[in-house]
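Structure, as structure tokens:
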Amino acid sequence: MLTNEELWQAVLAQIQLNISQANFVTWFKNTSILSQKENKVVISVPNAFVKEWLENKYNKIILKIIHSLNDQIKEIEFCVGKEETKNIHKKQHKETILPEISQLDFQEFKIDQETNLNPRYTFDSFVIGSFNELAYAAACAVLKNPGFVYNPLFIYGGVGLGKTHLLQAIGNDVIKKFPLKKVKYLSSERFVSEVVAAIKNHDMAKFKSKYKNFDVLIIDDIQFLANKEKTQEEFFHIFNFLYENNRQIILSSDRPPKAIQTLAERLRSRFEGGMIADISIPDFETRVAILKIKAQEKNINFSEEVYQYIASIIQKNIRELEGALNRLIIFQKLNNTIPDLEITKNLFKNLISPPNKVITPKKIIELVAEFYDLKEKDLLNNCRKKEIVKPRQIAMYLLRNELKNSFPSIGRKFGGKDHTTAIHAYKKIIEEIKKDKKLEEEINLIREKILNC
Ligand code: ADP
Ligand code: MG
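Residue 925 is where the sequence shown starts when you use our numbering, and the numbers rise one by one after that.
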């Protein structure tokens, strides 16, 4: 049987694949399995709010995952484990001792309070291939002399391809090489909420002076600054100050600066003033190599054909490769057998598929609207504004290309337009992609989102 920790880790690994990182951290931080008895698992959560949320939103999926790992379990219960740390020392009875949190391989627990960096993300564990070598080379150049080579360093690429890992590895390496430098890592969402709080508390001066103090400022997922004018303005001032004082700024985004809609022009040109490097999708051989290296790190080895099979079914996301590997490891622990190709195929046939795996026209329209920061209804009405016509044509093009929808049905979906409008849009985008590299890149990014949704 799996220990409490092993079981919970397996559950977390699965859940992580199904929900956003932000949600994952919010709802699953400081959770653990308290006990598994007969057909019931008791899960410890940090407070009543999380308890209610998990009960309402995640009960079913958690039970489903636990049940798939141990079919004896028919029921789960959440309980607020307030005095966790104290209890560890006090309690006498073995079965009531809460697992030590540090035993869980739950990355968020180890974050450095000062820098916000997670020591797990290092260059030692970062696999380099042609898909990310430019970004890696730029990172190395920055590390030689932070603030003086490429400023800012702007890394972009799709979900789960290593942006956060690379950014944090740079931060961790700076600290190792230059212990006196002040490094700060944060997500742009956190930055936004700090700006909002500073405004509310009339604390802007303090906020700014804090940020002006950093030698290396790393902001992840900067695309979330789109539409946040006030935050962009504050960031612009901080950026200029740091830049002029040769402090290093490192940014990541899911798209290049040009494709971040509603980003103030002056910020965009700042972002483009440094080095922009992309991370693309690793090729088959690299995916196999990543699997092997990660398996090795966990002291386990599978057959070549198993690695190749996983690499052939998971193509676009390194996080998912890790998830698949974890699943194999759990199988091995549960059954004491190293899964062969046949077992692997079987295991992945039953893999809980992430919700919304079916791509619908509605989903594509939603993703295109989101990408261009528009409302869905803007795409569906008759507005002739240039900023809307193009995304609308792209959405029509994608419905045709990805879903093979007929032109009349595409026309109908966009507010009852004629099929000739849909044909025109489709042909126009095909023509434009041939001439316009940037457009092609944007459409590829949207396509990636469609495939990852
Ligand atoms: P992103 O920020 O681009 O969404 P992450 O940096 O969170 O992606 O990467 C997802 C997972 O894949 C992480 O667990 C990370 O450690 C792993 N990973 C990503 N790129 C690599 C790589 N080149 N080598 C090894 N592991 C990687
Ligand atoms: Mg990330």
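Just so you know, even glycine gets a beta-carbon here, dropped at the ideal spot from N, CA and C.
Presumed contact (8 Å Cβ cut-off) between residue i and residue j, rounded CB distance
| i | j | result |
| --- | --- | --- |
| I1370 | V1292 | 6 Å |
| T1046 | N1096 | 6 Å |
| V1107 | F1138 | 7 Å |
| I1000 | L987 | 5 Å |
| V1083 | N1241 | 6 Å |
| L1055 | I1205 | According to the sequence shown, residue 1055 is Phe rather than Leu. With 8 Å as the limit, F1055 and I1205 qualify as a contact, their Cβ atoms being about 6 Å apart. |
| D1265 | E1229 | Checking the displayed sequence, the identity of residue 1265 turns out to be Leu instead of Asp. Yes, L1265 and E1229 are in contact; Cβ-Cβ is about 5 Å, under 8 Å. |
| I1094 | I1174 | 6 Å |
| I1283 | I1374 | 6 Å |
| Q1185 | D1297 | 4 Å |
| L1187 | P1180 | Wrong, their Cβ atoms sit about 11 Å apart, outside the cutoff. |
| P1285 | K1341 | Not confirmed; about 14 Å, so no contact. |
| K1091 | S1176 | Just to set this straight, residue 1091 is Leu in the shown sequence, not Lys. Indeed, because the Cβ distance is near 5 Å, the residues count as touching under 8 Å. |
| I1367 | I1289 | Not really, about 14 Å apart at Cβ, beyond 8 Å. |
Cβ-heavy atom distance, residue i to the ligand ADP, below 7 Å
| i | result |
| --- | --- |
| T1088 | yes |
| R1179 | no |
| S1236 | no |
| N1056 | yes |
| N1049 | Note on residue identity: the sequence assigns Ser, not Asn, to residue 1049. Indeed, a heavy atom of the ligand ADP lies less than 7 Å from the Cβ. |
| E1085 | Glu is not the amino acid found at residue 1085; the sequence shown has Leu there. Answer for L1085: yes, Cβ within range of the ligand ADP. |
| R1114 | no |
| E1246 | yes |
| G1095 | no |
| G1081 | yes |
| R1194 | no |
| R1211 | no |
| R1243 | yes |
| I1214 | yes |
Residues of its chain near residue i, where Cβ-Cβ distance is below 6 Å and the 5 sequence neighbours each way are ignored
| i | result |
| --- | --- |
| M1128 | A1122 |
| K1018 | Low confidence applies here, because K1018 scores a pLDDT of 33, under 50, leaving its location unreliable; read the following figure in that light. Hits under 6 Å: none found. |
| I1035 | N1042 |
| H991 | I997 |
| H1343 | F1331, P1332 and G1335 |
Limits of the alpha helix (DSSP H) - the one that residue i falls within
| i | result |
| --- | --- |
| Y1080 | Segment L1077 to G1081 is the beta strand (DSSP E) holding Y1080; no alpha helix (DSSP H) there. |
| S1333 | F1331 to K1337 |
| C1003 | Note, C1003: premise wrong, no alpha helix (DSSP H); beta strand (DSSP E) at E999 to V1004. |
| S1133 | M1128 to K1136 |
| I1267 | L1265 to K1273 |
| L1064 | The sequence as given places Cys at residue 1064; Leu does not occur at that position. That run of the alpha helix (DSSP H) goes E1057 to K1068. |
Own chain partners of residue i with C-beta closer than 7 Å, once the 5 adjacent residues on each side are dropped
| i | result |
| --- | --- |
| A1062 | Y1074, L1077, M1199 and A1201 |
| E1246 | K1218 |
| L1363 | E1356 and I1357 |
| H1089 | Y1045 and F1050 |
beta-carbon residue i near the ligand MG non-hydrogen atom, thresh 7 Å
| i | result |
| --- | --- |
| D1144 | yes |
Endpoints, beta strand (DSSP E) assigned at residue i
| i | result |
| --- | --- |
| Y982 | Y982 -> no beta strand (DSSP E), and no H or E assigned at all. |
| Q960 | S956 to K961 |
| L1104 | It is not in any beta strand (DSSP E) - L1104 carries neither H nor E in the DSSP assignment. |
| M1199 | M1199 to I1203 |
| I1428 | In the structure as shown, the chain starts at 925 and stops at 1377, and residue 1428 therefore has no counterpart that could be examined. |
| L1175 | Q1172 to S1177 |
Secondary structure of residue i, DSSP reduced to three states
| i | result |
| --- | --- |
| V1051 | coil |
| K1152 | coil |
| I1143 | strand |
| Q1185 | coil |
| V935 | helix |
| V965 | strand |
| S1117 | helix |
| I1025 | Model confidence at I1025 stands at a pLDDT of 30, short of 50, so the residue's coordinates are unreliable; what they give is reported in the following sentence. Looking at I1025 - three-state DSSP - the assignment turns out to be helix. |
| S1227 | coil |
Residue i: CB within 7 Å of a non-hydrogen atom of the ligand COA
| i | result |
| --- | --- |
| I1289 | Absence of the ligand COA from the depicted structure is noted, with the ligand ADP and the ligand MG being the only ligands included. |
Chain D within 8 Å of residue i, Cβ atoms only
| i | result |
| --- | --- |
| I967 | In the structure shown, chain D does not exist; there is a single protein chain. |
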